[in-house]
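Engineer: This is the structure I have questions about; it appears just below.
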Amino acid sequence: MQPSELVAYFCKMIPQKYPDHMFCYFSANAAKGNIKPFVFGLIQALGTIEDASPEYAFSMIDRMASMPGAGEKQYEALLQILCEIYVTAGAVEAADRTGDGKILFAHEPGQKGKKNPEFESCANEVWYAVEVKTPELIAYSRQRQSKSYQFTARVPVTTDFRDSIETTNPRDNPVKDFLISANEKLQAYAQFRSDAFRILTLVWDDFCQEPIAALLNPLSGLFTDRSFCKAKDGKPTTFPFVDAVEICRCQHQIIRSTREESMIDGELLPFVYHHQGYPPKVLIDNPIGRRIPDILLAPLNVERLSPVMGAEYHPTDYIIWLSGRNSDKQQ
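Residue numbers for the sequence shown follow this note's numbering, so the first one is 546 and each next one is one higher.
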């Protein structure tokens, strides 16, 4: 697939006048031969996936085109598609090839009519499946910027304390909902390929302590005995078909590219999944799941969560934001 074909299809399907579509600016420029970095990175990622899954690129452009109008709701829906593409392209890049060049990858694998994960891939002769989830964080990021106290976990505090300050509440409900949804999809997938490892990938922004605390905080973490998500019998809800959760600090980079802002942390283009620099993607094992083998860490471009990674990789209780803090990485 030639990039020019995908650019032409993008320009054909995405309206070029505002406010007909959130990406009208990029479509209008591309139609004139002015390929912006956002479109260049997007087309590059789509082309990579197209080699492994024919018609994928066109279907994703169709999905983007099906969200007309301008506004935060449309923008966040488009972000979810872009983040799926970002993770999927990374998997294709690292996938094994057969002797005749076939890429060992499938989009939405499993039984027809069932809820299936985003993709499955084989890397270093190990099969794994991934469900990709992208939280809505734009409104939440405004709360981060406007309030000095942010709770990252469900910490017991007095009513007087709660009433005395303005706080940002934990963003843990989306993590819970993502786990429930992924567990359902991966349970169905397990009947299709039982030996494949199963991963939920969360594409967060730069504040990765939020999902880490949602999973591991000892007071309320979803992967702990004191999980805030309880079954009817009062016991913690478990997610046996999710072997691990991967956290990618990338959503803000994609947002920056749609704003024509430079990448940060040494990145040059959007949608570049594999990198060796900062910040690392992290893998959090489900305590009741199967341990992801080390041989998959490089293809996934992840590191196992470690306390030496820095403060943002700790399952914190709360954060006190100092006035004048750097908000460059917030939306």
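Ideal Cβ positions, reconstructed from N, Cα and C, are used throughout, including at glycine.
Since this is a predicted model, take the numbers as computed values, not measurements.
#1: Alpha carbon to alpha carbon, how far is D770 from G779? Give it in angstroms, no decimals.
#2: Under three-state DSSP, which class holds C556?
#3: For the putative contact between I865 and S598, defined by C-beta atoms under 8 Å, what is the C-beta separation to the nearest angstrom?
#4: Grab me the residues of A576's own chain with a C-beta within less than 7 Å of its C-beta, minus the 5 sequence neighbours each way, in chain order.
#5: Please list, in chain order, all residues of the same chain as A636 whose beta carbon is under 7 Å from its beta carbon, the five residues on each side excluded.
#6: Grouping DSSP H, G and I as helix and E and B as strand, with all else coil, what is G592?
#7: Verify whether the separation of the beta carbon atoms of L724 and F784 is less than 8 Å.
#8: Check Q876 in the structure and name its three-state DSSP category.
#9: From G616 to Y563, what does the alpha carbon distance come to, in whole angstroms?
#10: Starting from the C-beta of T593, find all residues in its chain whose C-beta is less than 7 Å away, skip the five residues before and the five after it, and write them out in chain order.
#11: Could you tell me which of K678, G834, M558 and P680 sits nearest to F603, measuring between CA atoms?
#12: Could you give the C-beta distance for L731 and V787, rounded to a whole number, given that I count them as a contact under 8 Å?
#13: Considering just the uninterrupted stretch of the alpha helix (DSSP H) at K618, what are its terminal residues?
#14: Count the other CB atoms, across all protein chains shown, that sit within 10 Å of the CB of F752; report buried if there are 16 or more and exposed otherwise.
#15: Between the Cα of P701 and the Cα atoms of A856, Q690, N714 and R689, which residue gives the shortest distance?
#16: Would you kindly work out how many angstroms separate the C-alpha atoms of R836 and E600, rounded to a whole number?
#17: Per DSSP, what are the beta-bridge partners of G614 in this structure?
#18: Do you know whose CA, among G644, R642 and H652, lies nearest E629's CA?
Structural biologist: In this structure, then:
#1: Here the alpha carbons of D770 and G779 stand approximately 11 Å from one another.
#2: In the structure shown, C556 falls within a helical segment according to DSSP collapsed to helix, strand and coil.
#3: Rounded, the Cβ-Cβ distance is 46 Å, inconsistent with contact.
#4: Answer for A576: C556 and Q561, listed in chain order.
#5: Closer than 7 Å at the Cβ level, and outside the excluded window around A636, lie F650, F664, S666 and V675.
#6: When DSSP states are grouped into helix, strand and coil, G592 belongs to the helix group.
#7: Yes, they are a contact pair.
#8: Here Q876 scores only 37 on pLDDT, less than 50, and its place in the model is too uncertain to base an answer on.
#9: G616 and Y563 have their C-alpha atoms spaced approximately 11 Å apart.
#10: Contacts found: A634, V637 and E638.
#11: Checked all of K678, G834, M558 and P680; the closest Cα to F603 is M558.
#12: Between the beta-carbon of L731 and that of V787 there is about 6 Å, and that keeps the pair under the 8 Å contact cut.
#13: Here the alpha helix (DSSP H) through K618 covers E617 to A639.
#14: Per the 10 Å Cβ criterion, buried.
#15: The alpha carbon of P701 has as its nearest neighbour, out of A856, Q690, N714 and R689, the alpha carbon of N714.
#16: If you draw a straight line from the Cα of R836 to the Cα of E600, it is about 34 Å long.
#17: Bridge partners of G614: H566.
#18: Among G644, R642 and H652, the Cα nearest to that of E629 is on H652.
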